[in-house]
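According to the UniProt record's numbering, the sequence shown is numbered sequentially starting from 1.
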Amino acid sequence: MVKTAGYPLVLPFSSISGKPGPAAYDDSGLKYYRIPSSSFPIRNVLSILLALLVVLLFGHHFQLFPRLASESNSCTGILSSDSQRFWGPYSPYYSVEEYQPPPNGCSITQVNILQRHGARYPTSGASKEIQASLQKLLNASKYTDMKLEFLRSYQWHLGEADLVPFGATQSFQSGAEIYHRYGHLVDDHMLPFVRASGGNRVVKSAVNWTAGFADASGQLYHPSVSVIIPETETSNNTLEDDMCPNSRASQDEANIWRDMFSASIVHRLNTAAVGAEILSEDIPELMSLCAFETVFEEKESQFCDLFSPKEFQAYEYYQDLLKYYKTGYGNPLGRVQGVGYVNELLARLRGRPVEDRTQTNSTLDSSPITFPLNRTVYADFSHDNQMVAIYGALGLFPQMRPPNPTRADPRWTWVVSRLVPFSGRMITEKVQCFEAGIPGDYIRILINDAIQPLAFCGAGDGLCRLEAFVESQIYARRNGAGDFEKCFQNRL
(Lines of atoms letter the chains of each structure in order from A and count residues from 1; the text may use other names and numbers.)
(Lines give C-alpha, C1' and ligand atoms only; values in the text may rest on other atoms or scores of the structure.)
Protein backbone atom coordinates (compact mmCIF):
# COMPACT_ATOMS: atom_id res chain seq x y z
CA MET A 1 0.00 0.00 0.00
CA VAL A 2 1.33 3.42 -0.95
CA LYS A 3 0.58 6.48 1.11
CA THR A 4 1.06 10.07 0.09
CA ALA A 5 1.82 12.75 2.62
CA GLY A 6 -1.20 14.48 4.05
CA TYR A 7 0.60 16.77 6.46
CA PRO A 8 -0.20 20.49 6.21
CA LEU A 9 2.90 22.50 5.40
CA VAL A 10 1.69 26.09 5.58
CA LEU A 11 1.70 28.88 8.10
CA PRO A 12 -1.55 30.46 9.21
CA PHE A 13 -0.08 33.75 7.99
CA SER A 14 0.83 34.89 4.48
CA SER A 15 4.21 36.31 3.60
CA ILE A 16 4.59 39.44 1.55
CA SER A 17 4.72 37.31 -1.55
CA GLY A 18 1.39 35.78 -0.67
CA LYS A 19 2.94 32.30 -0.58
CA PRO A 20 2.62 30.06 2.46
CA GLY A 21 5.43 29.57 4.93
CA PRO A 22 6.70 26.28 6.36
CA ALA A 23 5.84 24.28 9.43
CA ALA A 24 8.01 21.77 11.22
CA TYR A 25 6.81 18.79 13.22
CA ASP A 26 7.99 16.70 16.10
CA ASP A 27 6.35 13.36 16.87
CA SER A 28 3.91 14.81 19.38
CA GLY A 29 1.93 15.83 16.33
CA LEU A 30 2.34 19.52 17.12
CA LYS A 31 3.40 21.96 14.43
CA TYR A 32 6.41 24.14 15.11
CA TYR A 33 5.71 27.15 12.95
CA ARG A 34 8.41 29.37 11.55
CA ILE A 35 7.56 32.88 10.46
CA PRO A 36 9.14 33.64 7.05
CA SER A 37 12.14 35.94 7.19
CA SER A 38 10.60 38.37 4.68
CA SER A 39 8.63 41.33 6.00
CA PHE A 40 4.86 41.35 6.25
CA PRO A 41 2.31 43.84 4.98
CA ILE A 42 1.17 46.38 7.57
CA ARG A 43 -2.33 44.94 7.60
CA ASN A 44 -0.96 41.67 8.97
CA VAL A 45 1.03 43.16 11.84
CA LEU A 46 -1.82 43.25 14.36
CA SER A 47 -2.85 39.67 13.65
CA ILE A 48 0.73 38.48 14.06
CA LEU A 49 1.20 40.38 17.30
CA LEU A 50 -2.02 38.86 18.57
CA ALA A 51 -0.81 35.39 17.63
CA LEU A 52 2.51 35.98 19.36
CA LEU A 53 0.67 37.16 22.46
CA VAL A 54 -1.26 33.90 22.51
CA VAL A 55 2.01 31.98 22.27
CA LEU A 56 3.53 33.93 25.13
CA LEU A 57 0.49 33.45 27.34
CA PHE A 58 -0.18 29.81 26.56
CA GLY A 59 3.11 28.53 25.15
CA HIS A 60 3.60 26.19 28.08
CA HIS A 61 0.46 24.33 27.00
CA PHE A 62 0.95 24.50 23.22
CA GLN A 63 4.53 24.45 21.94
CA LEU A 64 4.35 26.33 18.65
CA PHE A 65 7.99 27.23 18.08
CA PRO A 66 10.95 24.88 18.02
CA ARG A 67 13.95 25.45 20.19
CA LEU A 68 16.72 26.13 17.74
CA ALA A 69 20.43 25.49 17.79
CA SER A 70 22.31 28.57 18.92
CA GLU A 71 23.92 30.85 16.34
CA SER A 72 27.38 29.93 17.55
CA ASN A 73 26.75 26.25 16.97
CA SER A 74 24.88 26.70 13.70
CA CYS A 75 23.23 23.42 12.73
CA THR A 76 26.17 21.25 13.71
CA GLY A 77 25.12 20.57 17.27
CA ILE A 78 23.91 22.05 20.53
CA LEU A 79 27.03 22.15 22.68
CA SER A 80 30.27 24.03 22.42
CA SER A 81 32.03 20.92 23.71
CA ASP A 82 33.33 18.22 21.38
CA SER A 83 31.91 15.54 23.69
CA GLN A 84 28.77 15.30 21.57
CA ARG A 85 30.91 13.86 18.77
CA PHE A 86 31.48 10.73 20.84
CA TRP A 87 27.87 9.73 21.48
CA GLY A 88 27.74 7.17 18.68
CA PRO A 89 24.35 7.08 16.94
CA TYR A 90 23.01 9.64 19.43
CA SER A 91 25.41 12.38 18.34
CA PRO A 92 23.80 15.36 16.62
CA TYR A 93 24.70 15.75 12.96
CA TYR A 94 27.81 17.69 12.06
CA SER A 95 29.85 18.06 8.88
CA VAL A 96 32.80 15.71 9.19
CA GLU A 97 34.61 17.78 6.56
CA GLU A 98 33.89 21.06 4.84
CA TYR A 99 31.93 20.45 1.65
CA GLN A 100 34.10 20.56 -1.47
CA PRO A 101 32.44 21.14 -4.86
CA PRO A 102 33.42 18.96 -7.83
CA PRO A 103 36.63 19.83 -9.71
CA ASN A 104 36.70 22.60 -12.29
CA GLY A 105 35.10 21.53 -15.53
CA CYS A 106 32.61 19.31 -13.74
CA SER A 107 28.97 20.02 -12.94
CA ILE A 108 26.47 18.15 -10.79
CA THR A 109 23.51 16.77 -12.74
CA GLN A 110 21.78 14.61 -10.10
CA VAL A 111 21.87 14.11 -6.32
CA ASN A 112 20.56 11.22 -4.24
CA ILE A 113 20.19 11.95 -0.52
CA LEU A 114 19.79 9.21 2.06
CA GLN A 115 19.15 10.70 5.48
CA ARG A 116 18.49 9.44 8.98
CA HIS A 117 15.60 10.89 10.96
CA GLY A 118 16.33 13.72 13.38
CA ALA A 119 17.10 13.45 17.08
CA ARG A 120 14.59 11.46 19.12
CA TYR A 121 13.77 10.17 22.56
CA PRO A 122 15.09 6.71 23.49
CA THR A 123 13.11 3.78 22.10
CA SER A 124 10.77 1.95 24.47
CA GLY A 125 13.28 -0.85 25.06
CA ALA A 126 16.18 1.53 25.63
CA SER A 127 14.03 3.69 27.87
CA LYS A 128 13.31 0.77 30.21
CA GLU A 129 16.99 -0.15 30.41
CA ILE A 130 18.07 3.44 31.04
CA GLN A 131 15.48 3.91 33.77
CA ALA A 132 16.48 0.64 35.44
CA SER A 133 20.11 1.80 35.63
CA LEU A 134 19.06 5.28 36.70
CA GLN A 135 16.92 3.88 39.50
CA LYS A 136 20.02 2.33 41.05
CA LEU A 137 21.53 5.79 41.42
CA LEU A 138 18.27 7.18 42.77
CA ASN A 139 18.12 4.39 45.37
CA ALA A 140 21.51 5.31 46.85
CA SER A 141 21.45 5.97 50.59
CA LYS A 142 23.67 9.03 50.20
CA TYR A 143 25.79 10.91 47.67
CA THR A 144 29.41 11.79 48.41
CA ASP A 145 30.05 13.71 45.18
CA MET A 146 28.44 17.09 44.48
CA LYS A 147 27.95 16.10 40.84
CA LEU A 148 25.24 13.68 42.00
CA GLU A 149 23.33 16.11 44.21
CA PHE A 150 20.90 16.93 41.40
CA LEU A 151 19.54 13.39 41.70
CA ARG A 152 17.85 14.27 45.00
CA SER A 153 15.12 16.10 43.09
CA TYR A 154 15.49 14.41 39.72
CA GLN A 155 12.38 13.43 37.74
CA TRP A 156 12.23 11.45 34.50
CA HIS A 157 10.81 13.58 31.71
CA LEU A 158 11.72 11.86 28.44
CA GLY A 159 9.22 10.38 26.02
CA GLU A 160 9.72 7.25 23.92
CA ALA A 161 10.98 6.98 20.35
CA ASP A 162 9.37 10.23 19.20
CA LEU A 163 11.10 13.05 17.38
CA VAL A 164 12.19 15.85 19.72
CA PRO A 165 11.91 19.53 18.69
CA PHE A 166 15.65 19.74 18.01
CA GLY A 167 15.29 16.72 15.72
CA ALA A 168 12.56 18.53 13.80
CA THR A 169 14.86 21.50 13.43
CA GLN A 170 17.71 19.31 12.16
CA SER A 171 15.65 18.04 9.24
CA PHE A 172 14.33 21.53 8.47
CA GLN A 173 17.87 22.89 8.35
CA SER A 174 18.99 19.99 6.18
CA GLY A 175 16.31 20.76 3.61
CA ALA A 176 17.42 24.38 3.55
CA GLU A 177 21.06 23.39 3.15
CA ILE A 178 20.25 21.08 0.25
CA TYR A 179 18.39 23.87 -1.53
CA HIS A 180 21.29 26.28 -1.11
CA ARG A 181 23.76 23.71 -2.43
CA TYR A 182 21.73 22.06 -5.20
CA GLY A 183 18.93 24.52 -5.91
CA HIS A 184 20.18 24.98 -9.47
CA LEU A 185 18.90 21.46 -10.22
CA VAL A 186 15.32 22.38 -9.37
CA ASP A 187 12.55 24.24 -11.16
CA ASP A 188 8.75 24.27 -11.16
CA HIS A 189 8.64 21.06 -13.18
CA MET A 190 11.56 19.30 -11.52
CA LEU A 191 11.01 19.21 -7.75
CA PRO A 192 12.81 16.82 -5.39
CA PHE A 193 11.26 13.36 -5.19
CA VAL A 194 10.95 12.43 -1.51
CA ARG A 195 10.32 9.03 0.09
CA ALA A 196 10.22 7.93 3.71
CA SER A 197 10.10 4.71 5.64
CA GLY A 198 6.82 4.53 7.51
CA GLY A 199 8.05 5.14 11.06
CA ASN A 200 6.45 8.23 12.54
CA ARG A 201 9.72 10.02 13.29
CA VAL A 202 11.02 9.19 9.81
CA VAL A 203 7.94 10.57 8.06
CA LYS A 204 7.95 13.73 10.13
CA SER A 205 11.66 14.21 9.40
CA ALA A 206 10.91 13.99 5.69
CA VAL A 207 8.08 16.50 6.02
CA ASN A 208 10.30 18.90 7.95
CA TRP A 209 12.98 18.54 5.28
CA THR A 210 10.52 19.58 2.57
CA ALA A 211 9.48 22.56 4.69
CA GLY A 212 13.09 23.66 5.07
CA PHE A 213 13.66 23.27 1.34
CA ALA A 214 10.59 25.38 0.59
CA ASP A 215 11.60 28.05 3.09
CA ALA A 216 15.12 28.33 1.67
CA SER A 217 13.67 28.75 -1.82
CA GLY A 218 11.65 31.73 -0.65
CA GLN A 219 8.52 29.59 -1.02
CA LEU A 220 9.13 29.17 -4.74
CA TYR A 221 9.30 25.38 -4.58
CA HIS A 222 7.19 23.09 -2.42
CA PRO A 223 8.31 19.46 -2.61
CA SER A 224 6.14 16.92 -0.85
CA VAL A 225 6.65 13.45 0.56
CA SER A 226 5.48 11.38 -2.40
CA VAL A 227 5.89 7.84 -1.04
CA ILE A 228 5.73 6.43 2.49
CA ILE A 229 6.74 2.77 2.64
CA PRO A 230 4.95 0.94 5.49
CA GLU A 231 7.13 -0.67 8.15
CA THR A 232 5.22 -3.95 8.29
CA GLU A 233 6.23 -7.59 7.92
CA THR A 234 4.26 -7.85 4.68
CA SER A 235 5.76 -4.82 2.95
CA ASN A 236 9.10 -4.81 1.16
CA ASN A 237 11.04 -1.76 2.30
CA THR A 238 14.53 -0.66 1.23
CA LEU A 239 14.60 2.04 3.92
CA GLU A 240 14.19 -0.18 6.98
CA ASP A 241 16.19 -3.16 8.29
CA ASP A 242 13.44 -5.68 8.91
CA MET A 243 13.69 -8.09 5.99
CA CYS A 244 16.28 -10.62 7.16
CA PRO A 245 14.76 -12.74 9.94
CA ASN A 246 17.87 -14.95 10.19
CA SER A 247 20.13 -11.98 10.86
CA ARG A 248 21.72 -12.26 14.31
CA ALA A 249 23.54 -9.32 15.84
CA SER A 250 26.36 -10.13 18.24
CA GLN A 251 26.90 -7.97 21.32
CA ASP A 252 29.69 -10.13 22.74
CA GLU A 253 32.54 -8.02 21.36
CA ALA A 254 30.98 -4.76 22.50
CA ASN A 255 30.37 -6.19 25.96
CA ILE A 256 34.01 -7.23 26.30
CA TRP A 257 35.02 -3.65 25.62
CA ARG A 258 32.26 -2.31 27.89
CA ASP A 259 33.49 -4.37 30.83
CA MET A 260 37.03 -3.09 30.28
CA PHE A 261 36.41 0.63 29.94
CA SER A 262 33.62 0.81 32.52
CA ALA A 263 35.44 -0.82 35.45
CA SER A 264 36.85 2.43 36.82
CA ILE A 265 33.54 4.23 36.24
CA VAL A 266 31.64 1.54 38.15
CA HIS A 267 34.01 1.93 41.10
CA ARG A 268 33.75 5.72 41.03
CA LEU A 269 29.95 5.80 40.90
CA ASN A 270 29.50 3.17 43.59
CA THR A 271 31.80 5.20 45.82
CA ALA A 272 29.90 8.41 45.10
CA ALA A 273 26.42 6.83 45.32
CA VAL A 274 26.51 4.64 48.41
CA GLY A 275 24.48 1.45 48.00
CA ALA A 276 23.69 2.01 44.31
CA GLU A 277 25.25 -1.29 43.23
CA ILE A 278 26.02 -0.06 39.73
CA LEU A 279 27.28 -2.74 37.31
CA SER A 280 29.19 -2.47 34.04
CA GLU A 281 26.01 -2.94 32.00
CA ASP A 282 24.57 0.20 33.60
CA ILE A 283 27.32 2.48 32.33
CA PRO A 284 26.33 2.72 28.63
CA GLU A 285 22.72 3.35 29.69
CA LEU A 286 23.71 6.25 31.94
CA MET A 287 26.06 7.66 29.31
CA SER A 288 23.30 7.55 26.70
CA LEU A 289 21.08 9.50 29.09
CA CYS A 290 23.55 12.37 28.74
CA ALA A 291 22.86 12.38 24.99
CA PHE A 292 19.09 11.92 25.11
CA GLU A 293 18.53 14.61 27.73
CA THR A 294 20.81 17.01 25.91
CA VAL A 295 19.05 16.73 22.54
CA PHE A 296 15.70 17.10 24.32
CA GLU A 297 16.59 20.03 26.58
CA GLU A 298 19.02 21.58 24.08
CA LYS A 299 21.43 22.24 26.88
CA GLU A 300 23.99 19.95 28.43
CA SER A 301 22.48 17.30 30.69
CA GLN A 302 23.90 17.03 34.19
CA PHE A 303 24.53 13.36 33.46
CA CYS A 304 27.25 14.43 31.02
CA ASP A 305 29.29 15.78 33.95
CA LEU A 306 29.53 12.28 35.42
CA PHE A 307 31.92 11.14 32.68
CA SER A 308 35.19 12.42 31.24
CA PRO A 309 35.88 13.14 27.55
CA LYS A 310 38.15 10.09 27.43
CA GLU A 311 35.33 7.93 28.81
CA PHE A 312 32.99 9.23 26.12
CA GLN A 313 35.56 8.24 23.50
CA ALA A 314 35.48 4.73 24.96
CA TYR A 315 31.67 4.84 24.83
CA GLU A 316 31.88 5.76 21.14
CA TYR A 317 33.96 2.66 20.44
CA TYR A 318 31.37 0.59 22.30
CA GLN A 319 28.69 1.93 19.96
CA ASP A 320 30.98 1.36 16.97
CA LEU A 321 31.26 -2.32 17.88
CA LEU A 322 27.50 -2.69 18.33
CA LYS A 323 26.76 -1.32 14.86
CA TYR A 324 29.63 -3.23 13.24
CA TYR A 325 28.14 -6.52 14.43
CA LYS A 326 24.49 -5.58 13.92
CA THR A 327 24.11 -4.58 10.26
CA GLY A 328 27.75 -3.86 9.43
CA TYR A 329 30.57 -6.03 8.16
CA GLY A 330 30.72 -8.05 11.38
CA ASN A 331 27.34 -9.66 10.70
CA PRO A 332 27.38 -12.18 7.81
CA LEU A 333 23.81 -11.09 6.99
CA GLY A 334 24.31 -7.41 7.77
CA ARG A 335 25.17 -5.66 4.55
CA VAL A 336 22.81 -7.75 2.42
CA GLN A 337 20.01 -5.76 4.03
CA GLY A 338 21.21 -2.71 2.08
CA VAL A 339 21.29 -4.36 -1.34
CA GLY A 340 17.79 -3.28 -2.40
CA TYR A 341 18.53 0.40 -1.87
CA VAL A 342 21.82 0.14 -3.77
CA ASN A 343 19.99 -1.32 -6.76
CA GLU A 344 17.47 1.52 -6.59
CA LEU A 345 20.37 3.97 -6.55
CA LEU A 346 21.94 2.32 -9.60
CA ALA A 347 18.61 2.55 -11.43
CA ARG A 348 18.35 6.28 -10.77
CA LEU A 349 21.94 6.99 -11.74
CA ARG A 350 21.53 5.14 -15.05
CA GLY A 351 17.91 6.10 -15.72
CA ARG A 352 16.95 2.45 -16.06
CA PRO A 353 14.30 0.27 -14.36
CA VAL A 354 15.27 -1.31 -11.06
CA GLU A 355 16.82 -4.77 -11.29
CA ASP A 356 16.56 -6.44 -7.90
CA ARG A 357 15.25 -9.58 -6.23
CA THR A 358 15.76 -8.59 -2.59
CA GLN A 359 14.06 -5.87 -0.52
CA THR A 360 12.63 -3.68 -3.25
CA ASN A 361 8.88 -3.25 -3.59
CA SER A 362 8.28 -4.17 -7.22
CA THR A 363 4.87 -2.50 -7.27
CA LEU A 364 6.34 0.84 -6.22
CA ASP A 365 9.58 0.60 -8.17
CA SER A 366 7.92 -0.33 -11.46
CA SER A 367 5.73 2.78 -11.53
CA PRO A 368 6.97 6.15 -12.83
CA ILE A 369 4.68 7.78 -10.27
CA THR A 370 6.21 6.12 -7.20
CA PHE A 371 9.70 5.59 -8.61
CA PRO A 372 10.44 8.14 -11.34
CA LEU A 373 13.76 7.89 -13.16
CA ASN A 374 13.94 11.41 -14.54
CA ARG A 375 14.41 13.54 -11.40
CA THR A 376 17.48 15.57 -10.53
CA VAL A 377 17.08 15.49 -6.72
CA TYR A 378 16.00 12.44 -4.73
CA ALA A 379 15.68 12.36 -0.94
CA ASP A 380 15.03 9.19 1.06
CA PHE A 381 14.54 9.06 4.85
CA SER A 382 15.53 6.03 6.85
CA HIS A 383 17.01 4.60 10.08
CA ASP A 384 20.61 4.29 11.27
CA ASN A 385 20.79 0.49 11.16
CA GLN A 386 19.55 0.40 7.58
CA MET A 387 21.98 3.11 6.53
CA VAL A 388 24.84 1.10 8.05
CA ALA A 389 23.75 -1.91 5.96
CA ILE A 390 23.65 0.26 2.84
CA TYR A 391 27.16 1.55 3.51
CA GLY A 392 28.33 -2.05 3.76
CA ALA A 393 26.51 -3.11 0.60
CA LEU A 394 28.20 -0.26 -1.27
CA GLY A 395 31.60 -1.24 0.10
CA LEU A 396 32.14 1.96 2.10
CA PHE A 397 34.34 2.06 5.22
CA PRO A 398 35.98 -1.35 4.66
CA GLN A 399 38.11 -2.62 7.54
CA MET A 400 41.35 -4.53 7.04
CA ARG A 401 40.57 -6.81 9.98
CA PRO A 402 37.83 -7.28 12.60
CA PRO A 403 37.94 -4.74 15.41
CA ASN A 404 39.85 -5.54 18.58
CA PRO A 405 37.34 -5.78 21.47
CA THR A 406 40.07 -5.05 24.03
CA ARG A 407 41.76 -2.07 22.40
CA ALA A 408 40.56 0.70 20.12
CA ASP A 409 42.73 1.08 17.02
CA PRO A 410 43.53 4.78 16.35
CA ARG A 411 43.30 4.02 12.60
CA TRP A 412 39.75 2.75 13.02
CA THR A 413 37.43 4.43 10.51
CA TRP A 414 34.16 2.76 11.50
CA VAL A 415 33.08 5.61 13.79
CA VAL A 416 29.32 5.60 14.18
CA SER A 417 29.00 9.26 15.16
CA ARG A 418 30.59 10.06 11.78
CA LEU A 419 28.50 7.49 9.90
CA VAL A 420 24.94 7.77 11.21
CA PRO A 421 24.44 10.54 13.77
CA PHE A 422 20.96 11.96 14.28
CA SER A 423 20.07 13.47 10.87
CA GLY A 424 23.20 11.94 9.32
CA ARG A 425 23.22 11.70 5.55
CA MET A 426 24.80 10.07 2.53
CA ILE A 427 24.76 12.12 -0.66
CA THR A 428 25.52 10.53 -4.01
CA GLU A 429 26.30 13.11 -6.67
CA LYS A 430 26.17 12.35 -10.37
CA VAL A 431 28.68 14.65 -12.01
CA GLN A 432 29.34 15.44 -15.66
CA CYS A 433 32.95 16.22 -16.50
CA PHE A 434 34.62 17.05 -19.80
CA GLU A 435 37.81 15.27 -20.81
CA ALA A 436 39.35 16.38 -24.12
CA GLY A 437 36.05 18.04 -24.90
CA ILE A 438 34.09 14.81 -24.44
CA PRO A 439 31.53 14.67 -21.61
CA GLY A 440 31.52 11.77 -19.19
CA ASP A 441 29.44 10.85 -16.16
CA TYR A 442 31.08 10.37 -12.77
CA ILE A 443 29.97 9.55 -9.24
CA ARG A 444 30.89 11.08 -5.88
CA ILE A 445 29.67 9.87 -2.49
CA LEU A 446 29.75 12.07 0.59
CA ILE A 447 29.00 10.87 4.11
CA ASN A 448 28.19 13.88 6.27
CA ASP A 449 30.08 15.99 3.73
CA ALA A 450 33.22 13.82 3.83
CA ILE A 451 34.15 12.69 0.31
CA GLN A 452 34.59 8.91 0.17
CA PRO A 453 37.67 7.64 -1.72
CA LEU A 454 35.78 4.99 -3.74
CA ALA A 455 38.96 2.97 -4.17
CA PHE A 456 36.83 -0.04 -5.14
CA CYS A 457 36.09 1.54 -8.53
CA GLY A 458 39.59 2.81 -9.18
CA ALA A 459 39.00 6.35 -8.02
CA GLY A 460 40.95 7.04 -4.86
CA ASP A 461 40.22 10.75 -5.23
CA GLY A 462 36.49 10.25 -4.76
CA LEU A 463 35.52 10.80 -8.40
CA CYS A 464 34.63 7.55 -10.13
CA ARG A 465 33.36 6.95 -13.67
CA LEU A 466 29.72 5.92 -13.65
CA GLU A 467 30.43 2.73 -15.59
CA ALA A 468 33.19 1.74 -13.17
CA PHE A 469 31.00 2.50 -10.18
CA VAL A 470 28.17 0.33 -11.52
CA GLU A 471 30.62 -2.47 -12.25
CA SER A 472 32.02 -2.25 -8.72
CA GLN A 473 28.59 -2.89 -7.22
CA ILE A 474 28.64 -6.56 -8.17
CA TYR A 475 27.44 -7.65 -4.70
CA ALA A 476 24.21 -5.68 -5.10
CA ARG A 477 23.78 -6.49 -8.78
CA ARG A 478 24.00 -10.18 -7.86
CA ASN A 479 21.30 -9.64 -5.24
CA GLY A 480 23.67 -10.28 -2.36
CA ALA A 481 25.46 -13.25 -3.95
CA GLY A 482 23.24 -15.76 -2.13
CA ASP A 483 23.18 -13.94 1.21
CA PHE A 484 19.59 -12.76 0.79
CA GLU A 485 18.39 -16.37 0.47
CA LYS A 486 20.19 -17.16 3.73
CA CYS A 487 17.94 -14.61 5.45
CA PHE A 488 15.07 -17.08 5.08
CA GLN A 489 16.69 -20.53 5.02
CA ASN A 490 15.39 -23.21 7.41
CA ARG A 491 12.42 -21.11 8.51
CA LEU A 492 8.99 -22.71 8.81
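Glycine included, every Cβ here is placed at the ideal spot set by N, Cα and C.
Phe422 sits away from Tyr143, with the two beta carbons spaced by 9 Å or more. Judged by pairs of C-beta atoms under 8 Å, the region 346-366 does not touch the region 145-163, as fewer than three such pairs exist. Distance from the CA atom of Arg85 to the CA atom of Ser417, rounded to whole angstroms, is 6 Å. The beta carbon of Gly159 sits closer than 7 Å to the beta carbons of Tyr121 from its chain, once the five residues preceding and following it are set aside; these are given in chain order. Taken atom to atom, the span from the alpha-carbon of Asp441 to that of Thr109 is near 9 Å. With fewer than 16 other Cβ atoms from the protein chains shown falling within 10 Å of its own Cβ, Gly460 counts as exposed.
Here the alpha carbon of Val225 sits roughly 18 Å from the alpha carbon of Arg348.
DSSP places Leu114 inside the beta strand (DSSP E), whose first and last residues are Cys106 to Arg116.
Closest by C-alpha distance to Thr169, out of Phe381, Ala211 and Tyr99, is Ala211. Between Tyr341 and Thr271, the beta carbon gap of about 49 Å keeps them out of contact (Cβ cut-off 8 Å). Partner residues in a beta bridge of Ile390, as assigned by DSSP, do not exist. Within the same chain, and ignoring the five residues on either side of Pro453 in sequence, the residues whose Cβ sits closer than 8 Å to its Cβ are Ala459, Gly460, Asp461 and Gly462. One thing to note: His383 has its Cβ within 9 Å of the Cβ of Asp241. Shown here, Asp483 sits in a helix according to DSSP, grouped into three states.
For Thr413, same chain residues with a beta-carbon under 7 Å away, outside a window of 5 residues either side, are Phe397 in chain order. Pairwise C-beta distances place the region 305-325 in contact with the region 260-269, as three or more of them are shorter than 8 Å.
Only exposed fits Ser141, as fewer than 16 other CB atoms lie within 10 angstroms of its CB. Ala273 and Leu137 have their C-alpha atoms some 6 Å from each other.
Between the C-alpha atoms of Phe213 and Tyr221 there is a straight-line separation of about 8 Å. If one requires a minimum length of 4 residues, the alpha helix (DSSP H) runs lying completely within the region 337-421 are 339-350, 362-365, 384-394 and 416-419, in chain order. Within the same chain, Val2, Val227, Ile229, Thr370 and Phe371 come within 8 Å of Leu364 by CB-CB distance, once the 5 residues on both sides are set aside. Boundaries of the beta strand (DSSP E) around Glu435: Arg425 to Glu435.
Of the other Cβ atoms in all chains shown, 16 or more fall within 10 Å of the Cβ of Ser171; this residue is therefore buried. Of the residues Arg407, Glu285 and Pro368, the one whose Cα lies closest to the Cα of Thr123 is Glu285. Its chain contains Gly480, Asp483 and Phe484 as the residues whose beta carbon lies nearer than 6 Å to that of Val336, once the 5 sequence neighbours on both sides are disregarded; these appear in chain order. Our two residues, Glu253 and Gly125, have alpha carbons roughly 21 Å apart in a direct line. In this structure, the CA atom of Gly175 is about 25 Å from the CA atom of Asn343.
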